[in-house]
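What follows is a short report on a single structure.
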Amino acid sequence: MVTNDTIGPRGRRSNRRFRERGGVSVYPATFEYFAPTSVDEALDTLERFGDEAKVLAGGQSLIPLMKLRIAAPSALVDIGRIDGLDALEERDGRLEIGALVTHADCEKSDLLRGRYGVLGATAPLVSDPIVRNRGTVCGSVAHADPQGDWGSALLALGAEVVAQGPDGERAIPLEDFCSGPFMTALEPAEIVTSIRTADPGPRAGGTYLKLERKVGDFATVGVAVHVSLDNGTIGRAGIALTGVGPTNVKATAAEDALAGAAPDDDAIAEAARLAAEAAQPLDDVRGSAEYKRNVVRVYTERGLRTAIAAAQS
Amino acid sequence: MAVQEAVVTTPLTVTVNGQERAEEVETRLLLVHFLRETLGLTGTHVGCDTTSCGACTVLVDGTPMKSCTMFAVQAEGRELTTVEGLEGAGGPPPIQEAFSAEHGLQCGFCTPGMMLTSIALLEQSPSPTDEEIRWAISGNVCRCTGYQNIVKAVHHAAAAMKEGS
Amino acid sequence: MAVAHEIRGLGHSVRRKEDARFIRGKGNYVEDISLPGMLHLELLRSPVAHARIVSIDTSRAEALPGVVAVVTGELMAQHSLAWMPTLSGDTQAVLATDKVRFQGQEIAAVVAESAYIAKDALELIDVEYDLLPAVTSPQQALEPAAPLIRDDKEGQESNHIYDWEAGDKEATEKALAEADKIVELETFYPRCHPAPLECCGCVADVNPATGKATIYMTSQAPHAHRTLFALVAGLPEHQIRIVSPDIGGGFGNKVPIYPGYVVATAASLLIGRPVKWIEDRTGNLISTGFARDYHMKGELALKDGKMTGLRVNLLSDNGAFFADAQPTKFKAGLFHIVTGSYDIPAAHVVTKGAYTNKAPGGVAYRCSFRVTEASYLIERLVQTAAYELGVDPVELRMKNFVQPEQMPYESATGFLYDSGDYPAAMNLALEKLGYDELRSEQAAAREEGRLLGIGVAFFTEVVGAGHGKEYDIAGLRMFDSAELRVHPTGKAILKLGVRSQGQGHETTFGQIIAHELGIPYEDVEVQEGDTDNTPYGLGTYASRSTPVAGAAASMISRELREKARKIAGHLLEVSEDDLEWETGRFFVKGSPDRAVTIQDIAFAAYTNLPDGLQAGLEGVHYYDPPNMTFPYGAYAVVVEIDRGTGEWRVQRMVAVDDCGVRINPMIVEGQIMGGLTEGYGIAAMELITFDDDGNCIGSTFMDYLLPTAWETPVFELGETSVPSPHHPLGAKGVGESATVGSPAAYVNAVIDALAHAGVRNIDMPVTSDKVWHALAEVGLAE
């Protein structure tokens, strides 16, 4: 015997809620709304509600889930009115992306070309142009969707998430941040205040390749590639994959194989092979596992060529 | 799942099409419903519920955003422009005129969002290429026109705006 | 009174009258309607595909503040409204009482003070299900041990619905036996959905004092819907008023009657307040009129490169309630058009229909009753034949076309094609494309390892139903109507039985009157959609507005013109035989200065009449077309395939359409480009599919993909014009042409890129994944 409550979630997100309840809601459940003007004030509210509260920035991931009532927090803490969270700048040898920086801000930023090319290439491929005007990079990362694009770009670059909580600030390397699909190392009373990454050096380049079925789609496969050159050989390489694992996947073996190698066809082909090996794709409506694995290989090759050329220029 | 029966409201002040509006709204009220139901501005449409179609696009401080994926309370203090706010005393502005002249609309359901997105594009890029236009409107779905005449309409408006300025 | 200098009748690309409100956000769609005291209705839908309903507990929902009523199937049954008839004589559950038969089926409805509260209350309805195995394909449905879906129907012992055949079996078998080549193709035209940007909905307002039911609804066929409401609900028909206001796209989605309309009307009747139901997108995609879902096998017999016979075997997935057009009645579309544009002397078609645990439908999506599937099959089959014979696909088509001198042409399955010059349309498309140069380019590209494909498709559509003797909907003959009222000052109102969903009727039909009577189109107001205020008609679908209602508008104008002639004779004091008509005026033969304008005549019709003539210049015409019309076209597509990812990009898309005489060329081209885009969507990405449990994949726009401006090809249009000999204006209808004709062109282009390696078929949607697997199989993948 099955009831509306026991038909559990099975697979695809957009249909999951339907299977649980029979008919999706398109209106969120009731919640209390807070619009603090400082991080401290926001943290106070978060502490008060514990995991019943959610942080709201652009809301382009959270609000769709609330409309489907997959998420039904009893309080929302809107950080949109806090000053100082909208920086997109290089400071003290680091690039900083504040919590309120939108995808569109990144798309337009001259800073995110060249050395930070992997970020600049990712921004215009996130969702669609209207969503990019409102959605934020930090919000997207905190949402930890395995099909999220920023996770891969930031993994490839070796970025870290800066979180502020009741006990102060801490930096969490991106590879430690996502613990599973939609799961992160954040405590309930912590806020992501920025993402930052070290200067990759003057001879660096990167790109992001995304296979999507149409604009606005999640990635069937995404490959983020970053390369820093050191006297003509590859110093550090970052490769990370979207849509082919329970989180964004860091292709460590491929990165290691490239480190110290000459940027030639053999090295690229070997790295692409290793990246494909690191992918953990599943068969689904977007394509077979075999297909996705091949796209990882093809995109890694193409991405490395672009990134190396950019680093050399 | 527990359903909260208590209604939670909050005061909201926004400027809509140049006019300041102060209302007490439910916190969970989506901006599109605030515009349509509370203010009766029904030119903003709902097409999909999943942030996919752009029929609900409005300008928030001049930037296109999907009003179905924003709570009304998030618009506090902002300036909103809906399709109803496009027309001044001098007849339809170039974008509206252009959509009609180039047959850039059929059923009219996507048209308000499509025009608002186009206006924001022309603000940033007064002489866009075909490719730029198609990219800029790729968050707005049209089911009728096949987009080609919309692209022509944006060019048409761009030319008219240059002539007018 | 002076004649306006610019009448702008036929052939003028005048701007649309309806634009003025749409560009200002002043359209009036159903969702924009708000009545005093109005309540909101939301539907609870089945989370599972097949289950017995053990119990429904609505008590928690009813207790929620703001909830006015919860309606279940049991309550509907008390009013004999738990079930309703479909378009094809089957029955469909309004709210489930016994079982749920597809995921998304309507189970209960909450009526509340706001839509938010109604949605809240849905969460509080407790339904207990006894799960049954789901049937998710027609093949599975027809297995002897398959679970019985329609145990509600007496005598229904399997999931089999119908067997139906057309054509000449014996002659076709003979052709196959004598052929020197038989080419086969098995292909699946998947389930897709019209997905207009506006979902379905209604505001039902039953006045408790008068009993009059006014229902504002998203209806492509308001008059037919009024009659069905009367028959189903037992309401007196004069007490029902259907108003179909502005419609945000239809494409066939708004032809059927859906449970939401019925429940909202019943709720308004029971509660005594207006009730609004607006479907959400998931409700739209998961439960309303799907399209296609046809498994097809074709065998084409050839002798000396001539097509001599065609055998087609079809298996139709109809979902849980058979709501397709009744196949024994509808020669229209279906597979009588299966021989397409080719002179094939023998054809035989067998169709089998089955119930499955999926949503009902089948009539929708810019398609005249399965003509889309038929067109796709023959064009894919002809393409396959060309590769098998080693001849150019265009050459094979040219050799086998129905020739202009054969028109009117009776096909092997009995349609009488009204007119056409197929080689001319094909030649124009090839010329625009630069076909021969492209073939050289393709060969050169292949040398470099690049894969270009050039796909061609030619289609012949059959639209404009009836005539009424042969075609009906639920017994209602498929005529259509126009009522013209010319006012004393020469301005006019035209009332129609059809309903635009974006096609621009207010403009096109004004131009028809302008052409026929010389009243400037700006002076003609076109009214549609309100059954209290317009003559009876069957509605807008199957590209029938211009062929049928357009003809009615012409005919009533001509009738009024004859009356005008009498008045003109009276005014000019000559015999009416001495008068000559030119657009907008009568003049005395030989004395063109002695004339009266239509405006003068209109004024006289109310002020200065000859003895014995009734006052007024008004009339209504019901037009029953003598035959269907047969628009056609040649489409050509160039694609390049990425060998690493399997992605294919359209580089060129040339579309030459012949829809007879074009009334407003701008609007016609708009229809064509919209159809080419939907055709692209179907070929590339639009898909409603199901997992083995019957869960619908494709129930939001995150999964049911619509092309954006970025993916949509650039179109190069061309035109030929062979008028329809039997339509008063020579027009043929065009709304569906491009959706019918273009999917095969896109797919043929992809296959063409791979044909040299032996690839013959990839089923739609042609996803990059499928293309890559095809590449890999023949060793072309990167």
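Protein chains in written order, with the numbering used here: chain S, 361 to 673; chain Y, 42 to 206; chain B, 226 to 1007.
Cβ coordinates follow ideal geometry from the N, Cα and C atoms, glycine included.
These numbers come from a predicted model, not from an experiment.
- DSSP three-state assignment for CYS498 (chain S), whether helix, strand or coil: helix
- Assign SER284 (chain B) to buried or exposed, taking buried as 16 or more other Cβ atoms, counted over all protein chains shown, within 10 Å of its Cβ. exposed
- Task: For GLN726 (chain B), collect the residues of the same chain with a Cβ closer than 8 Å to its Cβ; drop the 5 residues on either side in sequence, then sort them by chain order.
- Result: PRO421, GLN445, ILE472, GLY473, GLY474, GLY475, PHE476, LYS479 and THR765
- Query: Hey, which unbroken runs of the alpha helix (DSSP H) at 4 residues or more fall wholly within the region 629-713 of chain B?
  - Reply: 647-658 and 660-672
- Beta-carbon proximity list for ILE562 (chain B), same chain, < 8 Å, skipping 5 on both sides: VAL596, ALA599, SER600, SER636, THR638, PHE640, THR685, GLU686 and VAL687
- Message: Pull the bridge partners of PHE811 (chain B) from the DSSP assignment, please.
- Response: B:TRP806 and B:VAL821
- CB contact flag (ALA523 (chain S), THR557 (chain S), <8 Å): no
- Message: Could you give the first and the last residue of the continuous alpha helix (DSSP H) run that contains ALA201 (chain Y)?
- Response: 189-205
- Task: Determine the chain B residues that contact LEU571 (chain S) at a beta-carbon separation under 8 Å, and present them in chain order.
- Result: THR870, GLU872 and SER993
- Message: For ALA516 (chain S) and VAL461 (chain S), which I take to be in contact (beta-carbon distance under 8 Å), what is that distance rounded to the nearest angstrom?
- Response: With a Cβ gap of about 18 Å, ALA516 (chain S) and VAL461 (chain S) do not count as contacting.
- Query: By Cβ distance below 7 Å, which residues in the same chain neighbour GLN876 (chain B) in space, the five residues on each side in sequence not counted?
  - Reply: VAL863, VAL864 and GLU865
- Query: If you scan the region 583-610 of chain S from start to end, which runs of the alpha helix (DSSP H) of 4 or more residues do you find wholly inside it?
  - Reply: none
- Residue-chain proximity (LEU1005 (chain B), chain S), Cβ-Cβ < 8 Å: no
- Query: In angstroms, rounded to a whole number, what distance separates the CA positions of LEU534 (chain S) and GLY518 (chain S)?
  - Reply: 7 Å
- Contacts of TRP935 (chain B) in chain S (Cβ-Cβ under 7 Å): VAL575
- Item | GLU423 (chain B): contacting residues in chain Y (beta-carbon distance under 8 Å) | HIS86, GLY88, CYS148 and PHE150
- the region 399-412 of chain B touching the region 890-900 of chain B, judged by at least three CB pairs closer than 8 Å: no
- Query: Whole-angstrom Cβ separation of THR51 (chain Y) and THR68 (chain Y), contact assumed at under 8 Å?
  - Reply: 5 Å
- Message: When you compare the CB positions of PHE150 (chain Y) and GLU423 (chain B), do they come within less than 8 Å of one another, or not?
- Response: yes
- Task: Give a yes or no on whether the C-beta atoms belonging to ILE551 (chain S) and LEU403 (chain S) are separated by under 8 Å.
- Result: yes
- Query: In its own chain, which residues sit with a C-beta less than 7 Å from the C-beta of VAL362 (chain S), not counting the 5 before and 5 after it?
  - Reply: Note on VAL362 (chain S): pLDDT 39, under 50, position unreliable in the model; the coordinate value appears next. So no residue of the chain qualifies.
- Taking C-alpha atoms, which residue in B:ARG671, B:ARG536, B:HIS846 and B:ALA774 lies nearest to ARG783 (chain B)? B:HIS846
- Own chain, CB closer than 8 Å to PRO618 (chain B), minus 5 neighbours either side, in chain order: VAL607, GLN608, ALA611, TYR612, VAL681, ASN973 and ASP977
- According to DSSP, what are the bridge partners of TYR387 (chain S)? In DSSP, TYR387 (chain S) forms no bridge with anything.
- Query: Tell me which same chain residues have a C-beta within less than 6 Å of the C-beta of ALA614 (chain S), skipping the five on either side of it?
  - Reply: ILE599, ALA631, LEU634 and ALA635
- State buried or exposed for PRO461 (chain B), treating a residue as buried only when at least 16 other CB atoms are found within 10 Å of its CB. exposed
- Along the chain, where does the beta strand (DSSP E) that runs through ALA726 (chain B) open and close? First, the residue type needs correcting, since residue 726 (chain B) is Gln and not Ala in the sequence shown. Neither: GLN726 (chain B) is in no beta strand (DSSP E) and is coded neither H nor E.
- Item | Alpha-carbon to alpha-carbon, VAL66 (chain Y) and VAL55 (chain Y) | 12 Å
- Item | Contacting positions in the region 705-727 of chain B - beta carbon closer than 8 Å to chain Y | GLN726 and GLY727
- Task: Taking C-beta pairs closer than 9 Å, name the residues in chain S that THR914 (chain B) reaches, listed in chain order.
- Result: VAL645
- Message: Can you pull the chain Y neighbours of LYS414 (chain S), defined as C-beta to C-beta under 9 Å?
- Response: In chain order: nothing, as chain Y lies at least about 12 Å away.
- Item | Exposed unless 16 or more other CB atoms sit within 10 angstroms - verdict on ALA434 (chain B) | exposed
- Query: From LEU312 (chain B) to ALA396 (chain B), what does the alpha carbon distance come to, in whole angstroms?
  - Reply: 33 Å
- Message: Could you tell me the alpha carbon to alpha carbon distance between LEU428 (chain S) and ASP646 (chain B), rounded to whole angstroms?
- Response: 54 Å
- Task: Report the neighbours of PHE247 (chain B) on chain Y: residues whose CB is nearer than 7 Å to its CB, in chain order.
- Result: LEU146, GLY149 and THR152
- Quick one: residues in its chain with C-beta nearer than 6 Å to the C-beta of ALA464 (chain S), no 5 flanking neighbours on either side, listed in chain order? ARG492 and ASN493
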